[in-house]
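Going by my numbering, the sequence shown opens with residue 3, and the numbers climb by one from there. Here a beta-carbon is modelled for each residue, glycine too, at the ideal position from N, C-alpha and C. Right, one structure below, let's go through it.
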Amino acid sequence: MTEIPESATVACRVPAPTDPLYDPADVRRLFDRMAASYDRMNIVLSLGFSALWRRQLLGLVPAAGSPRTVLDLMSGRGETWAEIERRFPQAEITAVDFSAQMMTQAQVRSHARFGGRVRLREEDALAGTTQDATVDVVVSAYGLKTLDAAQLERLASEVVRTLRPGGSFAFIDVTEPGCRALRFLYRTHLRWIVPLAGILLLSNPTEYRMLHRYLAGFGDGSRAVEAFRSEAGLRVEVRRHFFGCAMSISGRRI
Ligand SMILES: C[S@@+](CC[C@H](N)C(=O)[O-])C[C@H]1O[C@@H](n2cnc3c(N)ncnc32)[C@H](O)[C@@H]1O
C-alpha cells in the first residue's frame, strides 16, 4: 500500500537549531529542489560509492529472525529499497521523508519497481509518529549530515523508542577522511567537481554547493556517534568505510 498523508505534519519536539543551516524547513526545501536530479547527482557526488555503501549498510543488519518491518528513515526517492528487499524479501518497508518532491519520486519508484508495496510517510523523521516498539529494523542512508547535535540526539532516542527489544538499526553517511591527502582530494571534489557537475548536468550548482556546507559541518561524523552512544538503550558499533570517506553507526536495541 502506498500512502502519503494529505497534510504532512512536521511537528518536531526538538529545540529550534541555533545554526540556521539546520532549520528543517530549509533542509526540506533544499531537497525539494534537488529531487529531480538527485539520482544522477548522487552517483557523481560519491563517484559511484553511494550504491556500494548502501549495500554495506544492509549488510550491517543481522538477517537472523527474518524482520517483518523495516523503517527507512530519510528515504529520499527510495534509493535503499532494492538493498532492503534483497536482504529482507519478506519485510514490509515503510519509508519516511519530509520532502514532498522526493516523496513524489519515491511514489513513482514504489509503483514502478515494488508493485506499490512500500508505505510512504511524508513527515519529519523526528516527529515521533511511529508507535513504540513496533519496528524490527531501522535503516537510513545519507540523512545524518543535515541534522545538528540536538536533532541527532532526538533521532537516536526515536530509534530506541520505535525498535522492538532486540531490533536492529544501521545508518550511514559520507564523512571527511582522516588521512590528510585524501581529505584534500575529498574537499577539492566537493568544492569544485560537484558544483561543476551541477552546472553541466543541471545548470544550477547552488544546491550542491549547500551539500558541501553540510558535509564540511558533519566532518568525521562524531556528533552523530556521540548522539547514538549516549543512548543507554542501544548497543552501538561505529565503522569507517573506504579510508573514512563514509561512516556507519549500527547496532541493536538492548
Ligand atoms: C541525501 S538524501 C538521502 C536519500 C536516500 N536515503 C539515499 O540513500 O540516497 C537525504 C534525505 O533525507 C531527507 N531528510 C532530511 N532530514 C529529514 C528529516 N528530519 N525528516 C525526514 N526526512 C529528512 C531529505 O528530504 C532527503 O530526501
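Residues that residue i bridges to, as DSSP identifies them
i: residue 248; result: 176, 243
i: residue 254; result: 170, 237
i: residue 71; result: 94
Rounded straight-line distance, which links the Cα of residue j to that of residue i
i: residue 253; j: residue 147; result: 19 Å
i: residue 85; j: residue 25; result: 30 Å
i: residue 126; j: residue 100; result: 5 Å
i: residue 33; j: residue 224; result: 24 Å
i: residue 73; j: residue 28; result: 24 Å
i: residue 6; j: residue 122; result: For residue 6, the pLDDT reaches just 43, beneath the cut-off of 50, and the residue's location in the model is therefore unreliable, leaving the point undetermined.
i: residue 13; j: residue 129; result: In this prediction, residue 13 scores a pLDDT of 46, lower than 50, which makes its location untrustworthy; no coordinate-derived value is stated.
i: residue 216; j: residue 23; result: 8 Å
i: residue 137; j: residue 251; result: 18 Å
Element boundaries [alpha helix (DSSP H), containing residue i]
i: residue 79; result: Counting along the chain, residue 79 falls outside any alpha helix (DSSP H), and DSSP gives it neither H nor E.
i: residue 45; result: 40-47
i: residue 28; result: 26-36
i: residue 231; result: 224-231
i: residue 60; result: 51-61
i: residue 66; result: Counting along the chain, residue 66 falls outside any alpha helix (DSSP H), and DSSP gives it neither H nor E.
Cβ-based burial, residue i [other Cβ within 10 Å; buried from 16]
i: residue 46; result: buried
i: residue 110; result: exposed
i: residue 154; result: buried
i: residue 49; result: exposed
i: residue 174; result: buried
Counting only runs of 4+ residues fully inside the stretch 100-169, write out the alpha helix (DSSP H) ranges in chain order. 102-116, 151-164
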